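In order, the protein sequence lines correspond to chains A, B, C and D. Those letters in the first sequence? Residues 4 to 289, per my numbering, in order. Those letters in the second sequence? Residues 405 to 742, per my numbering, in order. Those letters in the third sequence? Residues 405 to 742, per my numbering, in order. Those letters in the fourth sequence? Residues 5 to 505, per my numbering, in order. Virtual Cβ for every residue (Gly too), placed ideally from N, Cα, C. Just so we're clear, the structure is a prediction, and the values are computed from it rather than from any experiment.
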Amino acid sequence: DNAPMRFVMIPKAVHPWFDKANNGAQAAAALLSKSTGRTITVEYRAPQTADVSTQNDIIERAIATHPDGLILDLLDEKGNRSTMQEAVDEKIPMTVFDSLPPEGMDITAVGADFCEQGTLAAERLARLINHKGEVAVMMGVPTAPNHALRARCELKVFAKYPDIKVVATGIDNDSIETAQKQASAIMQAHPNLEGWVACDAAGPVGIGQAIRESDKIGKVQEVGLDNLNDMLQLIKDGVVDSSASSRPEMQGYWAVIAAWQKALGQQTPKNIDTGIDIITKSTLSK
Amino acid sequence: MSHETPAPHDGAARPHQPDIMTRFKAVASNPLFGVVIALAVIFILSCTLSSNFLTAFNMKIIARSLAFVGLVTIGQAILMILGELDLSVGAIGGLAGVAGGIFMVQAGLDPWLSLVLCLALGTGCGLLNGLLITKLKLHSLVLTIGMAGVYGGANLVLTKGVAITGIPSNISFLGRGMLFGLPVPFVILLLCLVIVSFVMIRTPLGRYVYAIGSNNAAARMLGIRVDAIRICAFSAAGFFSALAGILMVARLGTAQPSIGDTWVLAPIAAAVIGGVATTGGLGSPFGAVLGAVIIGIIENVIVLFGISPYWQSIVSGGIVVAAISFDSLARRYFNREA
Amino acid sequence: MSHETPAPHDGAARPHQPDIMTRFKAVASNPLFGVVIALAVIFILSCTLSSNFLTAFNMKIIARSLAFVGLVTIGQAILMILGELDLSVGAIGGLAGVAGGIFMVQAGLDPWLSLVLCLALGTGCGLLNGLLITKLKLHSLVLTIGMAGVYGGANLVLTKGVAITGIPSNISFLGRGMLFGLPVPFVILLLCLVIVSFVMIRTPLGRYVYAIGSNNAAARMLGIRVDAIRICAFSAAGFFSALAGILMVARLGTAQPSIGDTWVLAPIAAAVIGGVATTGGLGSPFGAVLGAVIIGIIENVIVLFGISPYWQSIVSGGIVVAAISFDSLARRYFNREA
Amino acid sequence: MVLLKASGIRKTYPGVVALDHIDLTLEPGKVHILAGENGAGKSTLIKTLSGLVKPDTGTLVIDDADALRDQKLFVRVSYVPQELNLFPYLTVAENMFMPFARSGFGRFTVSEKAMEVEAAKFIARFGIHARPDQKVAEISVPDQQLLQIARAATQENFGVMILDEPTSSLTAKETERLFRIVNDLREQGVAIVFVSHKMEEIFALGDTVTVLRNGRSVGTFPMDGMTEGELIRLMSGSTVKLDEQFQPASSARTGETILSVENLTGPGFEDISFDLKRGEILGFAGLVGAGRSEIMQAMFGFRKIQSGRVILDGKPIAPNRPDRAVQAGMVYLSEERKHHGIFPMLSLRENISLAVTGNITKAGLISRYRENALVKEIIEQFDVRTSSSAKKIMFLSGGNQQKAIIGRAMARRPRLLIFDEPTKGIDIGTKFQIYRIMQRLAEEGVGIILVSSEMSELQRCATRIVTLYSGRINGSFEHETTEISTLVASIIGSPETSHVA
Ligand SMILES: Nc1ncnc2c1ncn2[C@@H]1O[C@H](COP(=O)(O)OP(=O)(O)OP(=O)(O)O)[C@@H](O)[C@H]1O
Ligand SMILES: Nc1ncnc2c1ncn2[C@@H]1O[C@H](COP(=O)(O)OP(=O)(O)OP(=O)(O)O)[C@@H](O)[C@H]1O
Ligand SMILES: [Mg+2]
Ligand SMILES: [Mg+2]
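This is how it looks when you write it as structure tokens:
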């Protein structure tokens, strides 16, 4: 059987991070096409906003086109479940990345652990401030489960150290401008603040801008998340110490491999862990 | 009409057989003419351009995802006919949804009782909007921007942003089930639409809504209880949002705090596409829901056609613009003729 | 409505020396009275409740972050006085910002030339809105909802959601610098406000804007070039959004695709708090910017007070509601007395 | 010499021929009356002459040039519309001189001071009660009406001035002033087109009259030798008995009190007390701004009151609740048709049936059949002329809108009807018909209050006339025993007025 195979990849929302995942997915598709001689395509369909019901709509529409597999980054495994059940009913195999599958569904999960990512960032910050002093957490979008999970794990780390005190939490709703406003005001209210961690991609950029504007470079430490180019720029500029980044390209890549295997009816692993990087100025210069 | 006999009210005095052209013009001058034609064009185009469009499964998912925005649109349309606007409908839907979840899961109440409570809560939020607007004489636009913050905030405070899981499965039928071959939310939408249309057309209350939207002061002078009716309309909008919210919870099986985030602008756009004027007094909930159908189909085919996510927003925005332009041009063309 | 407040007009017939009470009532009936009092109350409360509020640094960050929404508010206020509304101002700001980044970084143009091009682009987007609305006789609300999709989509297509880094540092002064002890964006806001206020109060163009908002049909009948002025106003709104966008780029040092996302509802709320009616003809850009100051202070002190993030939305929404309620009550109280 | 010549003008709207082959010639220094029943096409013709409506066929020559081809020629025509069309939130001066480029007060910036000085002259000349810097929303309707006329007169080098029912909301004093101004303009060689339904005015001003009927011209006649009866016959095709009186029969007066108002005080009026007895038509007279409308609206609950109370049929009326007042049987017909009367976007049918929903519902639902029957009855009874009852009311002629809302008010079978300038803009035939209905209702026991600025109307209908001066009642006069001069003296507030109660 040499008919072309078509997969649909649906991330959480339109966002550069998912573009990187998509790049990895396309690379895997190209490799598979070349090595198997069978045309394998991955179509990328992103919801315009990170909203479960919007994502469900997109998943349903993708089911309507009868692809050979769905590659999903679930916003909420419970909220997506009934829609995923429709895919099961239509006999469309699924693979998830950057998230966990609903309980009881036998689906391969590709990615890294959000909790681990938050924990790594918080631990790094704790070390930078010698395990004492005031810190603040920018919580991202409070309704986004992965942001909330990172926040919980970061707070757990700080709670371990008796001399570290979380004096403020902000929310940025995924807006750099809001993150900047909140961070500025928080640093104003807490002049002794030592460091920052964030829970989403927009937050650390806004915090970095606020640190720069408040003339607190070096005085206030920040450990960011992910590897967007403005995050990297802030690290290069020395405003932000480092960033705990998952590996989006690798997640996309392995998700396609797993989806392909599943489409061929093979057994696939339960988990594929793609790991977490700590990006610093020195790793960047390499 | 022949110019030989320009007698007054002759239409009533001697009815005559209208010819085809007159009939056509009468049809074309119907406020729904534009939206129906636009809908037909979009539907036919979609059928031709994608073989996946006109399938039972696809129609089902269009109907179901339409139902939620459609319900909110009904409430917003009533308000717009009245000359008001409520930007907190999305937040009310979300709040009512999570409250429903809390009642069912955390308080362990009977799902049906929870449903009733949740609808009462949404109606109450709408009532509160209406009371503040009428009693304090506030601008509905800004009051509801503010209240959207309050209701959205209450949602966050209640949930801490975390979805409430474990919604009892005996109400999931409301969100996921099928009835007469149609998704249940869609059946509920149709039912609400029929009832509301009936009220708007056939009862004094509905007439009063049009009257207030057309001339508030004159309505007051006629002895119409303007403020009471405005409060009712806000409550109705709250009710429909809450209904959409709880149906969404039933569909998802979890109470997501983000429910309703996308229910603010789309219903307004849908209503205007469907012929409801933002200045009040014109249009109908039925037209507004047709507008929502247009938007729903557009959103559907954009994915079916495989349009790049980066282009989706341009395309759907462009189609909304095209639809209202088309409507306006058609109206002008036929009015010139008539 | 003015018909509710029938101040007898005998004052005209026999002018007399106003006593203190009359003077006070005249001040109280000024449309800015409510917002100024509300601002004063909020300011004093903030000073008392947080020692971190009234510091030079905090004033600076309030002024700077205010400047961006403030500029957008000026444009939106002009449109609202005209009886229109543009929901695409945020999207225009974002598009103009990233276009500026593309001109400077990817096309390698001179930063100042890029700035001019970017303002031209924003003005062009506003112009396009205005042309579509006037020529096709469309509702501004829905057209601009649609165009927000188009401009926002163009932004995504251009950037793929990725920020453009490497903005030349010689324009960063515009976003980060200080002039006369004030942040540069704030100085630019003041400058724009002075110019726009002058135009609105002292030039025929400005008076025509009020006239059109007050009675469109009458303005048309008198031969005022209503459509040309509406197009101008939309262009101006586009210009101010683009200005805010490029200043934000200068401030951040990167062109973020998300710029402008929060510039839609806040300016409308600000304008209404500041006395601009959504129905047109009333209010001033100055009042609208005062409204923006209120919102800016609220956003600041909410964080200074250390209010839980989950409560922030409730509190800020509640304060907006309180501010407009206060304004309305004050107005009613003094009108009863007068 | 001819300033403006229209020939063969035809204009149709869906379902009506508003104008059909109309010819009209305007000469300098002449007042040209347009007469005709409501809906005859007067306003449409006027809008055609001022370039606001484009005729389907016909030619329009201004200063010997084709005005339909060169729109600029219409600057020679200055036009005062039938409905108020001002900028409520702008000042009096701005309203007067907008657009500023035309008036020369704003090349680059608006010369506010100079404009206000100039405005003050017009304010004095037209006798407007307002300051130049006052917002128009704050001045009274009659003053707004005068302002609208003044605005037309500020237009530079106009050759034609068109006044569409300019006196419909003016009292005798302002009308007189307006006439002086019109006469001045006539002497300056301006051609004037004047529309009015008031016979005295037509005969006081007119040089020539063109009579329209159903969109067609019946002919143009010199006013010399024209009589009222003849003019009415030309307009309507039938005759009206001009000296008819409409006071209800004295047998209907039982002396029983329907309404009593006690010490009502509010913004614009003070300490108002009066009684209305069964079988009476109670007239209210006063100058512009005397506060009559305010009192009526306050009684009705539409406006705030500070103290006092209103008792209808022995029961007090709740303040601030127009709906309660309506429930109690009170109906108020506002003088401001556009703001307080019609629902512009709704059809004529809906406009009428809205007030009588109780009569057209069956088990709480509107019965189309009953609605149509009732509306048809009202349309016929009040002679509302329209091509269809489904037509939006805003497309009806002004007078026909008024007839529709009067019909609607009467159809409610109220216990107390308050008419505020009810026959504003209504043709004389219909006017008499309304008087007749008023009389019949009063005889049937409905209380009627008639607020009017037309002395002749009050004299024709009212059994008793209350006069107001500057917010206070200063006289109450029995129709039968009072001379008109006594009334006028009381209206203008002369202290020597005898109080004949
Ligand atoms: N100062 C004012 N502000 C707002 N509206 C006014 C004011 N004065 C009058 N009006 C409105 O104008 C209408 C008519 O004004 P007008 O002065 O004729 O009323 P009035 O005092 O009753 O005079 P009249 O006795 O001639 O009816 C009123 O119904 C009222 O709504
Ligand atoms: N825009 C319009 N659309 C439809 N019909 C119209 C429109 N304007 C006027 N008409 C119709 O044209 C006819 C003439 O109206 P017009 O306003 O000229 O009457 P008029 O003589 O001024 O009456 P009145 O004395 O009541 O003011 C009426 O039947 C009216 O319904
Ligand atoms: Mg007329
Ligand atoms: Mg009056």
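_G415/C versus E142/D - alpha carbon distance_ = Per-residue confidence for G415/C stands at a pLDDT of 39, beneath the threshold of 50, marking its modelled position as unreliable; no derived number is given.
Task: Within 7 Å, strictly: CB atoms of S82/D and F207/D - done: The Cβ-Cβ distance between S82/D and F207/D does not fall below 7 Å.
Closest Cβ-Cβ distance between T459/C and chain B: below 7 Å? Taking 7 Å as the CB threshold, T459/C stays off the interface with chain B.
| query | Hey, A10/D and D27/D are a contact pair by Cβ (cut 8 Å); roughly how many whole angstroms apart? | reply | A10/D to D27/D, Cβ: 7 Å. Contact.
Closest to G474/C by C-alpha separation, out of V598/C, A621/C, G610/C and Q660/C, would be which residue? Among V598/C, A621/C, G610/C and Q660/C, the Cα nearest to that of G474/C is on V598/C.
Residues near T563/C in its chain [Cβ-Cβ closer than 6 Å; skip 5 each side] | Taken in chain order, the residues that qualify are V502 and P661.
- Query: Any idea what DSSP makes of S720/B, helix, strand or coil?
  - Reply: The answer is helix: DSSP assigns S720/B an H, G or I state.
Tell me A84/D's beta-bridge partners as DSSP assigns them. Note that residue 84/D is Val in the sequence shown, not Ala. Note: V84/D is bridge-paired with L167/D in the DSSP secondary-structure output.
**Study point:** Anticipated Cβ contact below 8 Å, I718/C with G557/B, distance rounded
**Key:** Here I718/C really is in contact with G557/B; their C-beta atoms are around 3 Å apart, less than 8 Å.
| request: Determine which residues of the stretch 582–605 of chain C have a Cβ less than 9 Å from any Cβ of chain B, and write them out in chain order. | output: Listed by position along the chain: nothing, the set is empty.
task: Look up I495/D in the DSSP assignment and say whether it is helix, strand or coil.
output: DSSP, reduced to helix, strand and coil, places I495/D within a helical segment of the structure shown.
- Task: Closer than 8 Å, Cβ to Cβ, to anything on chain C: give me those residues from the stretch 202–213 of chain A, in chain order.
- Result: Hits within the stretch, in order: A205, V208 and Q212.
#### Entry: Cβ neighbour criterion (16 or more within 10 Å) applied to S573/B
Exposed, since its Cβ has fewer than 16 Cβ neighbours within 10 Å.
Please work out which residues of its chain come closer than 7 Å, Cβ to Cβ, to Y547/C, disregarding the five sequence neighbours upstream and downstream, and give them in chain order.
Reading off the sequence shown, one finds Leu at residue 547/C, where the question assumed Tyr. Counting only Cβ-Cβ distances below 7 Å, and skipping sequence neighbours, we find N533, L536 and I537.
**Asked** Does any C-beta atom of chain B lie closer than 7 Å to the C-beta of D431/D?
**Response** The C-beta of D431/D comes no closer than 7 Å to any C-beta of chain B.
Apart from the five residues just before and just after V705/B, which ones in its own chain have a Cβ nearer than 7 Å to its Cβ? Around V705/B, the same chain offers S450, S454 and F457 as residues with beta carbons nearer than 7 Å, after the five sequence neighbours per side are excluded.
query: To the nearest whole angstrom, what separates the beta carbons of C529/C and Y555/C, a pair I think is in contact under 8 Å?
result: About 6 Å; that satisfies the 8 Å criterion.
query = With burial defined as no fewer than 16 other Cβ atoms inside 10 Å of the residue's Cβ, what is the status of W20/A: buried or exposed?
reply = W20/A should be labelled buried.
| message | Please list, in chain order, the residues of the stretch 474–491 of chain C that have any C-beta partner in chain D closer than 7 Å. | response | Correct list: empty, as no residue qualifies.
*Have a look at G290/D, D317/D, I315/D and I276/D and flag the residue whose alpha-carbon is nearest the alpha-carbon of I299/D.*
Closest option to I299/D, Cα to Cα, is I276/D.
Practice problem: With a cut-off of 8 Å on the beta carbons, I'd call L523/C and V613/C a contact; round off their distance for me. | Solution: A Cβ-Cβ separation of about 21 Å leaves L523/C out of contact with V613/C under the 8 Å criterion.
- Query: For M652/C, which option in A213/A, Q236/A and G121/A has the closest C-alpha, if you only look at C-alpha atoms?
  - Reply: Comparing Cα positions, the closest option is A213/A.
Determine the direct distance from the alpha carbon of I50/D to that of E741/B, and round the result to whole angstroms.
Unreliable placement is indicated for E741/B, whose pLDDT of 39 sits below 50; the coordinate value is still reported in the next sentence. C-alpha of E741/B to C-alpha of I50/D: approximately 24 Å in a straight line.
**Prompt:** From E80/A to H543/C, what does the alpha carbon distance come to, in whole angstroms?
**Reply:** The alpha-carbon atoms of E80/A and H543/C are separated by roughly 41 Å.
### Message
So, at 6 Å on beta carbons, what are the nonlocal neighbours of F507/C in its own chain, with the 5 sequence-adjacent residues on each side left out?
### Response
Answer for F507/C: L513, S518 and L521, listed in chain order.
Can you list the residues near ligand 2, meaning Cβ strictly closer than 5 Å to any non-hydrogen atom, in the order they appear in the chain? Taken from the N-terminal end onward, the list reads Y17/D, V20/D, A22/D, N42/D, G43/D, A44/D, G45/D, K46/D, S47/D, T48/D, F399/D, L400/D, S401/D, G402/D and G403/D.
(Q) Once the 5 residues before and after G345/C are set aside, which same chain residues still bring their CB inside 6 Å of it? (A) Shown here, chain C extends from 405 to 742; a query on residue 345/C therefore has no answer.
**Request:** For I672/C, return the contacting residues in chain B, with the cut-off set at a CB-CB distance below 8 Å.
**Result:** Proximity of chain B to I672/C at the Cβ level (cut-off 8 Å) is accounted for by L545, V546 and I549, in chain order.
Worksheet item: Is any heavy atom in ligand 3 found nearer than 6 Å to the beta carbon of Q86/D?
Response: Answer for Q86/D: yes, Cβ within range of ligand 3.
- Query: Short check: CB of R48/A to CB of V11/A, under 7 Å?
  - Reply: Contact flag set, yes.
- prompt: Taking three-plus beta-carbon pairs below 8 Å as touching, is the stretch 688–697 of chain C in contact with the stretch 668–677 of chain C?
  reply: In the pairwise beta carbon analysis, the stretch 688–697 of chain C is classified as touching the stretch 668–677 of chain C: at least three pairs are separated by under 8 Å.
Quiz item: Beta-carbon of S645/B versus every beta-carbon of chain A: anything under 7 Å?
Solution: No, S645/B lies away from the interface with chain A (no Cβ there is under 7 Å from its Cβ).
- Item | Where A123/D falls, given that 16 or more other Cβ within 10 Å makes a residue buried | Taking a 10 Å sphere around the C-beta of A123/D, we find 16 or more other C-beta atoms and assign the residue as buried.
For this session: Identify each residue in the stretch 653–665 of chain B for which the Cβ-Cβ distance to at least one residue of chain A is less than 8 Å, and report them in chain order.
Result: Listed by position, the residues of the stretch 653–665 of chain B near chain A (Cβ gap below 8 Å) are R655, L656, G657, T658, Q660, P661, S662, I663 and D665.
Chain-ordered chain D contacts of A622/C [CB-CB under 8 Å]: Residues of chain D passing the Cβ test: N89, L90 and F91.
**Asked** Is the Cβ of N195/A closer than 7 Å to any Cβ of chain C?
**Response** False, the Cβ-Cβ gap to chain C never drops below 7 Å.
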